[in-house]
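Counting with full-length UniProt numbering, you get residues 1 to 355 for the letters of the sequence shown. What follows is a set of notes on a single structure, which appears directly below.
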Amino acid sequence: MRPEQLLATVLCCAIGLVVVEGKVLQNTAANIRILTFNIWNSGQNVQDGLLKIAKHIKLVDPDIVALQEVEDKTHFDSIVTSLGAPWKGVYHDSSYPDTGIITKHDIVDGTQAQAYAAVGAKVKVTLKTNDAFSKPNTVIVNFWSLHLDWRSYGPYAACNKLVTDASQIMAGEMNLGVDAAGRVQNVRDILSNSAFKQAILNSNREPLIVGGDFNAPSHLDWTEATKNDHCGWEFPWPSTKLIIEESGLQDSFRELYPNPETDPGVTWSTVQTFTDQGWGWTVPEPQDRIDMILYRSKRLIPRRSYTYKGTEPVHRKPNHFQNDYPSDHYAVVTDFEYIDGAQNMYENDDNLIDY
């Protein structure tokens, strides 16, 4: 770098500008906090569960929340009511909503969409910057909450010593022999959804964020290097592999912490560390990272991602009913930095995925 280039870079940083590929852009960076939260049968497994769900959402103070295991619409409404203004939300339009989205920002009218295992909506997020002189700006975030099928949980097969071939594990991912769509079918249904496909195409103008419970580990985690932690298996879990590779989404936690050996990021489970199917709580339960926040946008940079279970002790099953934290999953939080100044750089890069 020539001296005059170095001086220009220092001056740009001092006055709040960034230099990208020779272009000077206004640095209007702001944070967007995302939470994905499996609420364990709408909090019914702990005392005052609905109130505790709202309590922990307030403590985390996210901009948008992806909910899973919403048992019914009255439970969803109760959570939003407990949060108070300006919180609002949408949920999957079915007798068992399961997935929902809540936010303290405005939801764009007429943008709710859903697949079998997911619900989506556009949220108009009001950005807060660290610059006291800048006016509040807004960004449209295309946000989806998903909850893939719970049946035939893969790590149970992987840790069964009688399972010797990867095809046996893969059969569970597709619910072979079960009269219900499996996780692979759930993901393919989401990828084929017209609103989701459009969200991918528009992701550099309107960032796409997906939060949810995959009910399966990540293919990024079960590697050759970590197989001793996973009952001896390296396995390409198809639900994460499909949605990441076919949509261009990125895993915010694994992007920040690329080594699954040192940063496993376990989200299952806060309370179920031993199986509840008998044997007097002596048989260990496989522990894995099954809750994730994915994103697609060149304007978003994940700055921090972590698991959350509150600050009070969490008692394991069967002594969990008085827990302050109301879930059997760790929640996941990701803080994104939004760079509005990069807008014009990527205006021709939207149509990267060809369906």
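All residues carry an ideal CB built from backbone N, CA and C; glycine is no exception.
Cα-Cα separation between S192 and W279, rounded to whole angstroms: Near 43 Å, if we compare the C-alpha coordinates of W279 and S192.
Evaluate the contact criterion for the stretch 212 to 222 versus the stretch 285 to 294: three or more CB pairs, one atom per stretch, below 8 Å. Yes, the stretch 212 to 222 touches the stretch 285 to 294.
Determine the DSSP secondary structure at H329, reduced to helix, strand or coil. Strand at H329.
Do the stretch 232 to 250 and the stretch 260 to 275 touch if we need at least three Cβ pairs shorter than 8 Å? With a cut-off of 8 Å, the stretch 260 to 275 and the stretch 232 to 250 do not count as touching, because too few Cβ pairs lie within range.
Could you give the distance in angstroms between the alpha-carbon of N323 and the alpha-carbon of G310? Going by the C-alpha atoms only, they are around 10 Å apart.
R33 versus H56 - alpha carbon distance: Taking C-alpha positions only, R33 is separated from H56 by approximately 14 Å.
Measure the C-alpha to C-alpha separation of I15 and R299 and round it to an integer number of angstroms. Because the pLDDT at I15 is just 39, under 50, the model does not fix this residue reliably, and the value given afterwards should be weighed accordingly. A straight line joining the alpha-carbon of I15 with that of R299 spans about 21 Å.
Three or more C-beta pairs closer than 8 Å, one from the stretch 93 to 106 and one from the stretch 63 to 72: is that the case here? Counting Cβ pairs under 8 Å, three or more are found: they touch.
Bridge partners of W144, per DSSP? According to DSSP, which records beta bridges pairwise, W144 is partnered with G120, V210.
From T81 to D149, what distance separates their C-alpha atoms? Taking the CA atoms as reference points, T81 sits about 29 Å from D149.
Any contact of the stretch 189 to 208 with the stretch 151 to 171, i.e. 3+ C-beta pairs under 8 Å? Taking 8 Å as the limit for Cβ pairs, the verdict is that the stretch 151 to 171 does not touch the stretch 189 to 208.
Helix or strand or just coil, what does DSSP make of E173? Correct three-state label for E173: helix.
As assigned by DSSP and simplified to three states, the class of K88: Under the three-state reduction of DSSP, K88 is assigned to strand.
Using the C-alpha atoms, what's the distance from T36 back to S252? Rounded to the nearest whole angstrom, the CA to CA distance from S252 to T36 is 12 Å.
Within 10 angstroms of its Cβ, does K128 collect 16 or more other Cβ (buried), or is it exposed? Around the beta carbon of K128, fewer than 16 other beta carbons sit within 10 angstroms, so the residue counts as exposed.
If you reduce the DSSP assignment to three classes, tell me which class N186 lands in. If DSSP states are grouped into helix, strand and coil, N186 belongs with the helices.
Just how far apart, CA to CA, sit V141 and T164? Straight-line Cα distance between these residues: approximately 44 Å.
Local Cβ density within 10 Å of F336, reported as buried at 16 or more and exposed below that: By the neighbour-count criterion, in which a residue is buried when 16 or more other Cβ atoms sit within 10 angstroms of its Cβ, F336 is buried.
Could you spell out the range, first to last residue, of the beta strand (DSSP E) harbouring S305? Annotation: the continuous beta strand (DSSP E) that includes S305 extends over 300 to 308.
Once you ignore the five residues that flank L208 on each side, which residues in its own chain have a CB closer than 6 Å to its CB? Excluding sequence positions up to five before and after L208, its CB lies within less than 6 Å of the CB of N142, A199, R296, all in the same chain and listed in chain order.
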